[in-house]
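Inspection log for the structure reproduced underneath, given as structure tokens.
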Amino acid sequence: CTWVIVPSEGGLSIHLQFTAFDMMAGFDYVQIFSRPANGSDDLQLIANLTGSTIPAAIFSVNQRGDSMVVKLTSDESVTKAGFVANYKMVASPSPCLGEGVTLNAESGELTTGLGSYFNNDYCTWVIVPSEGGLSIHLQFTAFDMMAGFDYVQIFSRPANGSDDLQLIANLTGSTIPAAIFSVNQRGDSMVVKLTSDESVTKAGFVANYKMVASPSPCLGEGVTLNAESGELTTGLGSYFNNDYCTWVIVP
140 CTWVIVPSEG GLSIHLQFTA FDMMAGFDYV QIFSRPANGS DDLQLIANLT
190 GSTIPAAIFS VNQRGDSMVV KLTSDESVTK AGFVANYKMV ASPSPCLGEG
240 VTLNAESGEL TTGLGSYFNN DYCTWVIVPS EGGLSIHLQF TAFDMMAGFD
290 YVQIFSRPAN GSDDLQLIAN LTGSTIPAAI FSVNQRGDSM VVKLTSDESV
340 TKAGFVANYK MVASPSPCLG EGVTLNAESG ELTTGLGSYF NNDYCTWVIV
390 P
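Once you know that position 34 of the sequence shown is 173 in my numbering, the rest is easy, because the numbers rise by one and skip nothing.
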């Protein structure tokens, strides 16, 4: 048996959730695939399900016009009750289409939204400072990516518009990063990218960003320090190309 769910518009995603599931374990199966929008028969497996446990996951295909194909196969002997599943098509402004989403407010939130992110996602958020002297700070409040398969990467992008991205962090798994990630104060942007593979997804992430003005050792004459003790650091991630930074410690 085969069900093909075709989006009514190219920008819609398809979500599928089971409300009942009872297949003869190890013999009868329900398989879920994505089919490319170009009409190819090159199906990509999303899930291979059997047994009597209702899957908790919401299965989905991405927002690029792909279809969802659901197939049931059974052998020649004992059968069970079968399954019930509901699907819906979802449309929303998406960082996962085209060039992604650009953010230039002084503070805001990045999130994959309710539910999970999508299989085969490639999503981009670009945070652009409203003034050249501002730094960008990013902190995660929720984080749940399929460990070793789905990633969130954070980059700095030079203010000159170059696509020469410099990696700050490469994150996966279900531990909320404790670090506050930042880019420097030369007008550089922060680029956040999510990539997922073709199979299981997790809940995604929520992160807050803000733009901060503070003295920088890498601008002008640098920073003068006169406290009895303190810390010098290049910050989280790595330092930058063509850096010239100065700290002056005055007794």
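We treat Cβ as the ideally placed atom computed from N, Cα and C, and that holds for glycine.
For L306, collect the residues of the same chain with a Cβ closer than 7 Å to its Cβ; drop the 5 residues on either side in sequence, then sort them by chain order. Mapped onto the sequence shown, residue 306 falls at position 167. So the qualifying residues of the chain are Q292 and F294.
Based on the DSSP secondary-structure assignment, which residues constitute the bridge partners of F157? To locate residue 157, count along the sequence shown from 1; it is residue 18. DSSP, once it has assigned bridges, lists A224 as partnering F157.
Would G300 be called buried (16 or more neighbouring beta carbons within 10 Å of its own) or exposed? For the purposes of this step, residue 300 is taken as residue 161 along the sequence shown, with counting starting at 1. Label assigned to G300: exposed.
Let's see if you can read the secondary structure: which residues bound the beta strand (DSSP E) around Y348? For this step, residue 348 is matched to residue 209 along the sequence shown. That run of the beta strand (DSSP E) goes G343 to V351.
Can you give the Cα-Cα distance for V345 and L249, rounded to whole angstroms? Your numbering for residue 345 matches position 206 in the sequence shown. Your numbering for residue 249 matches position 110 in the sequence shown. If you take the alpha carbons of V345 and L249, they lie about 6 Å apart.
Is it buried or exposed for G343, if we count other Cβ within 10 angstroms and need 16 for buried? Your numbering for residue 343 matches position 204 in the sequence shown. It is buried - the Cβ of G343 has at least 16 other Cβ atoms within 10 Å.
Just list the residues that DSSP pairs C262 with in beta bridges. Counting from 1 along the sequence shown, the entry for residue 262 is found at position 123. In the DSSP output, where bridge partners are listed per residue, C262 has L333.
For N187, collect the residues of the same chain with a Cβ closer than 7 Å to its Cβ; drop the 5 residues on either side in sequence, then sort them by chain order. Counted from its first residue, the sequence shown places residue 187 at position 48. Excluding residues within five positions, the ones whose Cβ falls inside 7 Å are Y168 and Q170.
Can you tell me the Cα-Cα spacing of F279 and W264, whole angstroms? Along the sequence shown, one-based indexing puts residue 279 at 140. Along the sequence shown, one-based indexing puts residue 264 at 125. Rounded to the nearest angstrom, the two C-alpha atoms are 14 Å apart.
Can you list, in chain order, the residues of its chain with a C-beta nearer than 8 Å to that of L182? Leave out the 5 residues immediately preceding and following it. Locating residue 182 in the sequence shown gives position 43, where the first residue counts as 1. Closer than 8 Å at the Cβ level, and outside the excluded window around L182, lie F172, S173, R174 and V208.
Reducing DSSP to helix, strand and coil, say where N323 ends up. Counted from its first residue, the sequence shown places residue 323 at position 184. N323 falls in the coil class under three-state DSSP.
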